[in-house]
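Just add 49 to the spot in the sequence shown (first one is 1) and you have this note's numbering. Don't be surprised by glycine CBs; every beta carbon is placed ideally from N, CA and C.
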Amino acid sequence: MTELDRRAEEYGIDLSVNLAGVQLSNPVCTASGTFSARESGAFYDISELGAAVTKGVSAVPWQGNETPRIAETYGGMLNSVGLQNPGAEAYRREELPYLSQFDTKIITNIAGHSVEEYCEAVRMLDGCPEISMFEINISCPNVSEGGMAFGTDPVMAERVTSAVKQITSKPVMIKLSPNVTDITEIAKAAEAGGADAVSLINTLLGMHIDLKRRKATLARKTGGFSGPAIKPVALRMVWETAQAVNIPVLGMGGICCGTDAAEFLAAGAAAVSVGTAALCDPTAVVRIKAELLEYMKENDFASISELKHAFHL
């Protein structure tokens, strides 16, 4: 039992949640794209996590985008990394054995340029018992093919979901793009395709201009905007989606403190993911879990379910 789990037990608070049949010890998870097990493990006990959501994994190695691909901006940051990763075989050989040492669930994020590539990556990893769930990233704005194209078209969202569901018995969660007119339409399409859960939001498409260099800061000119400034948009979309579908929602977007996490849970999220905050403070995920626990103690909530049902939105 971790330090914070012992504290929750002393308080008589049940932090556990169920995400599409996967039982999490608490609702605070990492967000794909910002979590590296070995690097994060140097700062905190990974067993404190409800789930470790990994960086995107593709069937074959991806080199990512040309640099510069990170830019700080007001209220957050822009990234155009392009899902650089060593591929599914290296992930299975090197990352999974390390992660499996910890008492947390592993959710593997899957990247692809096509339906076939998504399916191939899942097929390569489906036999790994360490993996509790796949998160299918159909919403990245930083790849030239696939990525956000799937996440903005309901037909394609349903198609890729259905294809992946046919080759795995593990729960499948679809990561949704906010760069659409109505995110609930994409969520409904994923649900129709058999998705067990949806996660949202991915980054908003943004831009930064370097006035001294007189050109766009990012090599690709545009990138994904994340950080505290996007929280109101993310919270609204999580609330809308939770009302529109009958599958769980993993909420994320600008969560920086325990009360931010509580707001997402109140809006209907089954659990939450922390991303950009952890790039500024490597211990942010554990700090947010501790702050959420203290908020629940101060407000006499004995469980996450009790917290969620206390709000009438």
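* **Three-state secondary structure assigned by DSSP to Asn191** => Here the question's residue 191 lines up with position 142 in the sequence shown. At Asn191, the pLDDT of 47 sits below 50, so the modelled position is not reliable and the matter cannot be decided from this model.
* Under 8 Å Cβ to Cβ from Leu342, same chain only, skipping five residues before and after it: list those, please. => Counting from one through the sequence shown, the residue named residue 342 turns up at place 293. Within the same chain, Leu53, Arg56, Ala57, Tyr60, Ile62, Leu64 and Gly307 come within 8 Å of Leu342 by CB-CB distance, once the 5 residues on both sides are set aside.
* Which partner residues does Gln133 have in the DSSP bridge list? -> Taking the sequence shown and counting its residues from 1, one reaches residue 133 at position 84. Looking at the DSSP assignment, Gln133 forms no beta bridge with any residue, so it has no partner.
* To do: Give a yes or no on whether the C-beta atoms belonging to Thr271 and Leu299 are separated by under 8 Å.
  => Start at 1 with the first residue of the sequence shown, and residue 271 comes out as number 222. Start at 1 with the first residue of the sequence shown, and residue 299 comes out as number 250. No, they are not a contact pair.
* Asked: Considering only residues of the same chain and omitting the five flanking positions on each side of Thr233, which have a CB-CB separation below 6 Å?
  -> Reading the sequence shown from its first residue, position 184 is the one you call residue 233. Hits under 6 Å: Glu289, Thr290 and Ala293.
* From the DSSP output, in three-state form, read off Thr325 for me. => Here residue 325 refers to the residue found at position 276 of the sequence shown. Three-state DSSP puts Thr325 in a helix.
* Within the same chain, show all residues whose beta-carbon is closer than 7 Å to that of Phe451, passing over the 5 residues directly before and after it, in chain order. => Outside the shown range of the chain (50 to 362) lies residue 451, about which nothing can therefore be said.
* Asked: Alpha carbon to alpha carbon, what distance is there between Ile216 and Arg172?
  -> For the purposes of this step, residue 172 is taken as residue 123 along the sequence shown, with counting starting at 1. For the purposes of this step, residue 216 is taken as residue 167 along the sequence shown, with counting starting at 1. Using only the alpha carbons, I get a separation of about 7 Å.
* For Lys154, which residues does DSSP report across the bridge? -> Taking the first residue of the sequence shown as 1, we reach residue 154 at position 105. Answer by DSSP bridge pairing, in chain order: Ala100.
* So is Asp245 buried or exposed if we call it buried at 16+ other beta carbons inside 10 Å? -> Here residue 245 is taken as the residue at index 196 of the sequence shown, counted from 1. Burial of Asp245 is indicated by the presence of at least 16 other C-beta atoms within 10 angstroms of its C-beta.
* Out of curiosity, what's the CA-to-CA distance linking Ile185 and Ile159? -> As a position in the sequence shown, residue 185 is number 136, starting the count at 1. As a position in the sequence shown, residue 159 is number 110, starting the count at 1. If I take the Cα positions, the gap works out to 5 Å.
* Cα separation between Glu207 and Phe274? -> For the purposes of this step, residue 207 is taken as the residue at position 158 of the sequence shown. For the purposes of this step, residue 274 is taken as the residue at position 225 of the sequence shown. C-alpha of Glu207 to C-alpha of Phe274: approximately 26 Å in a straight line.
* Burial state of Val204, where buried means 16 or more other Cβ atoms lie within 10 Å -> The residue labelled residue 204 in the question sits at position 155 within the sequence shown. Counting C-beta atoms within 10 angstroms of its own C-beta, Val204 has fewer than 16 neighbours from the protein chains shown and is therefore classed as exposed.
* To do: Please classify Glu184: does DSSP put it in a helix, a strand, or coil?
  => Taking the first residue of the sequence shown as 1, we reach residue 184 at position 135. Here Glu184 sits in strand by DSSP.
* Give every residue of the same chain whose Cβ lies closer than 8 Å to the Cβ of Val229, excluding the five residues on either side of it in the sequence, and list them in chain order. => The residue labelled residue 229 in the question sits at position 180 within the sequence shown. These residues qualify, in order along the chain: Gly200, Thr201 and Ile235.
* **For Ser248, the residue or residues it bridges with in DSSP** => The sequence position of residue 248 within the sequence shown is 199, counting from 1. According to DSSP, which records beta bridges pairwise, Ser248 is partnered with Lys224 and Leu299.
* **C-alpha distance - Trp111 paired with His361, whole-angstrom precision** => Along the sequence shown, one-based indexing puts residue 111 at 62. Along the sequence shown, one-based indexing puts residue 361 at 312. The C-alpha of Trp111 lies about 45 Å from the C-alpha of His361.
* Can you tell me the Cβ-Cβ gap for Pro297 and Ala319, rounded? I've got them flagged as a contact below 8 Å. => Locating residue 297 in the sequence shown gives position 248, counting from the first residue. Locating residue 319 in the sequence shown gives position 270, counting from the first residue. 4 Å between Cβ atoms; contact.
* Asked: Where does Leu342 fall in DSSP's three states?
  -> Numbered from 1 along the sequence shown, position 293 holds the residue referred to as residue 342. Residue state, collapsed to three classes: helix.
* Comparing alpha-carbon positions, which option in Ser354, Ile258 and Asn295 lies nearest Ala238? -> As a position in the sequence shown, residue 238 is number 189, starting the count at 1. When Ser354, Ile258 and Asn295 are compared, the shortest CA-CA separation from Ala238 is found for Asn295.
* Could you give the C-beta distance for Gly324 and Thr153, rounded to a whole number, given that I count them as a contact under 8 Å? -> Taking the sequence shown and counting its residues from 1, the one referred to as residue 324 is at position 275. Taking the sequence shown and counting its residues from 1, the one referred to as residue 153 is at position 104. Wrong, their Cβ atoms sit about 17 Å apart, outside the cutoff.
* For Met126, collect the residues of the same chain with a Cβ closer than 8 Å to its Cβ; drop the 5 residues on either side in sequence, then sort them by chain order. => The residue labelled residue 126 in the question sits at position 77 within the sequence shown. Ile119, Ala120, Phe274, Ser275, Gly276, Thr325 and Leu328, listed in sequence order.
* To do: Decide if Leu356 is buried, meaning its Cβ has at least 16 other Cβ atoms within 10 Å, or exposed.
  => Your numbering for residue 356 matches position 307 in the sequence shown. Around the CB of Leu356, 16 or more other CB atoms lie within 10 Å, so the residue is classed as buried.
* To do: For Ser81, name the three-state secondary structure that DSSP assigns.
  => In the sequence shown, counting from the first residue as 1, residue 81 sits at position 32. In the three-state reduction of the DSSP assignment, Ser81 falls in the coil class.
* Thinking Ser181 and Ile155 are a contact (beta carbons under 8 Å), I'd like their distance in whole angstroms, please. => Along the sequence shown, read from residue 1 onward, the residue named residue 181 stands at position 132. Along the sequence shown, read from residue 1 onward, the residue named residue 155 stands at position 106. Rounded, the Cβ-Cβ distance is 6 Å, consistent with contact.
* **Beta bridge counterpart(s) of Gly125 as assigned by DSSP** => Taking the first residue of the sequence shown as 1, we reach residue 125 at position 76. Bridge partners of Gly125: Thr122.
* Inter-residue spacing [alpha-carbon to alpha-carbon] between Phe183 and Asp349 -> Taking the sequence shown and counting its residues from 1, one reaches residue 183 at position 134. Taking the sequence shown and counting its residues from 1, one reaches residue 349 at position 300. The alpha-carbon separation between Phe183 and Asp349 amounts to approximately 34 Å.
* Asked: Do Thr252 and Asp259 have their C-beta atoms within less than 8 Å of each other?
  -> Within the sequence shown, numbered from 1, the residue matching residue 252 stands at position 203. Within the sequence shown, numbered from 1, the residue matching residue 259 stands at position 210. Result no, Cβ atoms of Thr252 and Asp259 do not sit closer than 8 Å.
* **Opening and closing residue of the beta strand (DSSP E) in which Leu68 lies** => Here residue 68 refers to the residue found at position 19 when the sequence shown is read from its first residue. Unbroken beta strand (DSSP E) run through Leu68: Val66 to Leu68.
* Asked: If you pair each beta-carbon of the region 75-89 with each one of the region 163-172, do three or more pairs fall below 8 Å?
  -> Under the 8 Å Cβ criterion, the region 75-89 does not count as touching the region 163-172, having fewer than three qualifying pairs.
* Where Cys305 sits in the DSSP three-state scheme -> Along the sequence shown, read from residue 1 onward, the residue named residue 305 stands at position 256. Here Cys305 sits in coil by DSSP.
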